[in-house]
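Asks:
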Amino acid sequence: MKKIYLCFLAIIYLMVLNPSTSHAQSILERAKQKMKQRADAKVDKAMNDGLDKAEGKKTKEKVEKNGDVKIKEDEGKVKIKEDKADDITSANELTYTSKYDFVPGDKVIAFEDFNSAAIGDFPTRWNTNATAEVVTINNKEGKWLKIGKEGTFYPEFISNLPENFTLEFDLGVNNDWNSNGLNLNIANIKKPEDFGDYGYYVRWQGVHAVHLAFRPGVLASRSAGTSQVQAGKDGNHTINNNVDFNVWDNRNSNFAHLSVWRQNQRLRVYLNGEKIWDLPRAFDASGKYNAITFAYQGSYKTEDYFLLGNVRLAAGAPDTRNKLITEGKFVTSGINFDVNSDKIKPESYGIIKEIANVLKENEAVKIKIVGHTDSDGDDSKNMELSKKRAESVKNTLANDFEISSARLEIDGKGESVPVGKNDTPEGKAQNRRVEFIKM
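For the sequence shown, position 258 (counting from the first letter as 1) is numbered 257 according to numbering that gives the first Met the number 0, and the numbering increases by one without interruption.
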């Protein structure tokens, strides 16, 4: 504590020597934040230690039996286990509320699921000033980028951001995680080598940027999850605030789905279906934003890490009504399913609700729902899967939104009608789509 106090005094002294600089103000602000984070972590650790001692031998045996956290196996798998093997999966089967109004963009610009990366390697389409590795996880499909070291992580394949876009990604943490949050920066990177300027804090000089941070709740200390937002230019923050949430934590609900929606200056952010930010002037009207970075300040404990996956960037604000009613067809790649399954992911709720509203306003309209897949897997199985997915969408419209089944027909085309190349992640994401055709 004495060292932190002396460090704080030194920073104040520097500010006195040069009180007018926004850089000094930024340093003080970061110092305050850092001290608060460290203090919170110490409280959490003390409570954890106390609980461990109180539970005694029983807790130790439980950890050994269940393998509470096993960071890495030889085959590159990360294990995250609760008392029951399926706890994490069931905890994340969320039902989003009727207030969830996020509608993903209808044109996929970029997609990253790390499937083309080798286990244990850093992905080739990214850059970093640190290290991270691609892993697989028990009870979770696909591959993930495991981030445990301080650094910035830059998807170089994203080099343009339209004024209307949606960005989605999944974040996970290990059980009993308790460290710094993960940051997302939306910025104007003029040269690729400048990506490091947009880390867990932003070098604001001469640039526009929007900086977001996400930290799950810590159950041992009953701490809520937190998110921070900063926006501004040249070190002058037009926005700087924090909010709490209770839909993502370090034990019962380890994974979160983040949905970021830009409409010109407006920014909306959803976390596991809860709208945590809705800022009318987050983006500067004169600013240019062309890139994103993820950043981590590092872990308090060496065993703590984040898992990043399923990054999806799409353009446009879908005009569902006009396309379906006037043009006769609406196509979306924003209805997502579990891998090789017809189970609809909860983040698809907003777009299905939008379609249901159009059908309720136009009661005479009947539609055909057509499912499509990418080319992965067997042709005949993809055909069957596409029909099952169309059936799932039909059932959701009928059961959850009271649209008469008599107005809904289904079909599936499998991989037979691609709209994108199946040799790129973006093309595959475009091909995994659902069509709504007016009859």
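Just so it is clear, CB atoms sit at the ideal spot from N, CA and C, and this is done for glycine as well. Predicted, not measured: the structure shown is a model, and the values here were computed from it.
Hey, could you find the ends of the alpha helix (DSSP H) residue 428 is sitting in?
Replies: Along the sequence shown, one-based indexing puts residue 428 at 429. Run containing residue 428: 424-430, per the alpha helix (DSSP H) assignment.
Asks: If you draw a straight line from the C-alpha of residue 358 to the C-alpha of residue 284, how long is it?
Replies: In the sequence shown, counting from the first residue as 1, residue 358 sits at position 359. In the sequence shown, counting from the first residue as 1, residue 284 sits at position 285. If I take the Cα positions, the gap works out to 36 angstroms.
Asks: For the segment 380-397 and the segment 336-351, state whether three or more C-beta atom pairs, one from each stretch, are separated by less than 8 angstroms.
Replies: Yes: the two stretches touch, three or more of their Cβ pairs being nearer than 8 angstroms.
Asks: Tell me the DSSP secondary structure of residue 435 in three-state form.
Replies: Within the sequence shown, numbered from 1, the residue matching residue 435 stands at position 436. Correct three-state label for residue 435: strand.
Asks: Who pairs with residue 197 in a beta bridge, going by DSSP?
Replies: Locating residue 197 in the sequence shown gives position 198, counting from the first residue. For residue 197, which the question treats as bridged, DSSP gives the partners 201.
Asks: Select from 101, 98, 108 the residue whose C-alpha is nearest the C-alpha of residue 429.
Replies: Position 430 of the sequence shown, counting from 1, holds the residue named residue 429. When each option's Cα is compared against that of residue 429, the closest is 108.
Asks: Go to residue 348, then tell me how far its alpha helix (DSSP H) extends in each direction, as first and last residue.
Replies: Along the sequence shown, one-based indexing puts residue 348 at 349. Run containing residue 348: 348-360, per the alpha helix (DSSP H) assignment.
Asks: Among residues of its own chain, excluding the 5 on either side of residue 229, which ones have a beta-carbon nearer than 6 angstroms to its beta-carbon?
Replies: Within the sequence shown, the letter at position 230 stands for residue 229. Around residue 229: 210, 236, 239.
Asks: Can you list, in chain order, the residues of its chain whose CB lies under 6 angstroms from that of residue 197, leaving out five sequence neighbours each side?
Replies: Mapped onto the sequence shown, residue 197 falls at position 198. Cβ within range, chain order: 184, 186, 292.
Asks: Compare the C-alpha of residue 286 against each of 332, 189, 323 and name the closest.
Replies: By one-based count along the sequence shown, residue 286 stands at place 287. Of 332, 189, 323, the residue nearest in Cα terms is 189.
Asks: Residue range of the beta strand (DSSP E) that residue 206 falls in?
Replies: By one-based count along the sequence shown, residue 206 stands at place 207. No beta strand (DSSP E) contains residue 206, which DSSP labels as neither H nor E.
Asks: In whole angstroms, what separates the C-alpha of residue 396 from that of residue 168?
Replies: Counting from 1 along the sequence shown, the entry for residue 396 is found at position 397. Counting from 1 along the sequence shown, the entry for residue 168 is found at position 169. When rounded, the distance between both Cα atoms is 25 angstroms.
Asks: What are the start and end residues of the beta strand (DSSP E) that includes residue 261?
Replies: Position 262 of the sequence shown, counted from the start, is the residue given in the question as residue 261. Run containing residue 261: 254-262, per the beta strand (DSSP E) assignment.
Asks: Between the Cα of residue 398 and the Cα atoms of 351, 426, 377, 244, which residue gives the shortest distance?
Replies: In the sequence shown, residue 398 corresponds to position 399, counting from 1. Here the closest residue by C-alpha is 351.
Asks: May I ask which residues mark the beginning and end of the alpha helix (DSSP H) holding residue 384?
Replies: Numbered from 1 along the sequence shown, position 385 holds the residue referred to as residue 384. Here the alpha helix (DSSP H) through residue 384 covers 378-400.
Asks: Please name the residue or residues paired with residue 367 in a DSSP beta bridge.
Replies: The residue you call residue 367 lines up with position 368 of the sequence shown. DSSP lists 408, 436 as partners of residue 367.
Asks: Are the beta-carbon atoms of residue 261 and residue 110 separated by less than 7 angstroms?
Replies: Residue mapping note: residue 261 aligns to position 262 of the sequence shown, counting from 1. Residue mapping note: residue 110 aligns to position 111 of the sequence shown, counting from 1. Not a contact, by the Cβ cut-off of 7 angstroms.
Asks: DSSP on residue 372, reduced to helix/strand/coil?
Replies: Counting from 1 along the sequence shown, the entry for residue 372 is found at position 373. In the structure shown, residue 372 sits in coil (DSSP, three-state: anything other than H, G, I, E or B).
Asks: Using three-state DSSP, classify residue 178 as helix, strand or coil.
Replies: Against the sequence shown, residue 178 aligns to sequence position 179. In the structure shown, residue 178 sits in coil (DSSP, three-state: anything other than H, G, I, E or B).
Asks: Please go through the segment 296-326 and give each complete beta strand (DSSP E) segment of 3 or more residues, from N-terminal end onward.
Replies: Here the runs fully enclosed are 305-314.
Asks: Between the beta-carbon of residue 437 and the beta-carbon of residue 366, is there less than 7 angstroms?
Replies: Counting from one through the sequence shown, the residue named residue 437 turns up at place 438. Counting from one through the sequence shown, the residue named residue 366 turns up at place 367. The answer is yes: Cβ separation under 7 angstroms.
Asks: Report the three-state DSSP secondary structure of residue 25 (helix, strand or coil).
Replies: Walking along the sequence shown from the start, residue 25 turns up at place 26. Only weak support is given to the placement of residue 25: the predicted model assigns it a pLDDT of 48, under 50, and the question is left unresolved by the model.
Asks: What's the call for residue 325, buried or exposed, on a 16-neighbour Cβ count within 10 Å?
Replies: In the sequence shown, residue 325 corresponds to position 326, counting from 1. Exposed.
Asks: Using the three-state DSSP reduction, which class does residue 420 fall into: helix, strand or coil?
Replies: Position 421 of the sequence shown, counted from the start, is the residue given in the question as residue 420. Coil, per DSSP.
Asks: With a cut-off of 8 angstroms, do at least 3 Cβ pairs link the segment 267-286 to the segment 237-257?
Replies: Yes: the two stretches touch, three or more of their Cβ pairs being nearer than 8 angstroms.
Asks: Taking the beta carbon of residue 405 as the centre, do at least 16 other beta carbons fall within 10 Å, making it buried, or is it exposed?
Replies: In the sequence shown, residue 405 corresponds to position 406, counting from 1. Classification of residue 405: exposed, given that the 10 Å Cβ count is below 16.
Asks: Alpha carbon to alpha carbon, how far is residue 348 from residue 432?
Replies: Position 349 of the sequence shown, counted from the first residue, corresponds to residue 348. Position 433 of the sequence shown, counted from the first residue, corresponds to residue 432. Their backbone Cα atoms lie some 15 angstroms apart in a straight line.
Asks: In chain order, what residues of the same chain lie with their CB nearer than 6 angstroms to the CB of residue 266, ignoring the 5 residues before and after it?
Replies: Residue mapping note: residue 266 aligns to position 267 of the sequence shown, counting from 1. Counting only Cβ-Cβ distances below 6 angstroms, and skipping sequence neighbours, we find 278, 281.
Asks: Apart from the five residues just before and just after residue 410, which ones in its own chain have a Cβ nearer than 8 angstroms to its Cβ?
Replies: Walking along the sequence shown from the start, residue 410 turns up at place 411. So the list reads 367, 368, 369, 370, 386, 389, once near-sequence residues are dropped.
Asks: Assuming contact is defined by CB atoms lying nearer than 7 angstroms, are residue 225 and residue 194 in contact in what I supplied?
Replies: In the sequence shown, counting from the first residue as 1, residue 225 sits at position 226. In the sequence shown, counting from the first residue as 1, residue 194 sits at position 195. No, the pair does not count as a contact, with Cβ atoms beyond the cut-off.
Asks: Are the beta-carbon atoms of residue 241 and residue 227 separated by less than 7 angstroms?
Replies: For this step, residue 241 is matched to residue 242 along the sequence shown. For this step, residue 227 is matched to residue 228 along the sequence shown. Result yes, Cβ atoms of residue 241 and residue 227 sit closer than 7 angstroms.
Asks: If contacts are defined as beta-carbon pairs under 8 angstroms, then residue 155 and residue 126 qualify, I think. What distance do you get, rounded to the angstrom?
Replies: For the purposes of this step, residue 155 is taken as the residue at position 156 of the sequence shown. For the purposes of this step, residue 126 is taken as the residue at position 127 of the sequence shown. Sure, about 5 angstroms apart at Cβ, within 8 angstroms.
Asks: Determine the direct distance from the alpha carbon of residue 403 to that of residue 115, and round the result to whole angstroms.
Replies: To locate residue 115, count along the sequence shown from 1; it is residue 116. To locate residue 403, count along the sequence shown from 1; it is residue 404. So the two alpha carbons sit approximately 42 angstroms from each other.
Asks: Kindly list the residues whose CB is nearer than 6 angstroms to the CB of residue 176, restricted to its own chain and excluding five residues on each side of it in sequence; keep chain order.
Replies: Here the question's residue 176 lines up with position 177 in the sequence shown. For residue 176, where only same-chain residues beyond five positions count, the Cβ hits under 6 angstroms are 249, 303.
Asks: Pick helix, strand or coil for residue 220, following the three-state DSSP scheme.
Replies: The residue you call residue 220 lines up with position 221 of the sequence shown. Three-state result, residue 220: helix.
Asks: Is the beta carbon of residue 372 less than 7 angstroms from the beta carbon of residue 426?
Replies: Along the sequence shown, one-based indexing puts residue 372 at 373. Along the sequence shown, one-based indexing puts residue 426 at 427. Taking 7 angstroms as the Cβ cut-off, residue 372 and residue 426 do not qualify as a contacting pair.
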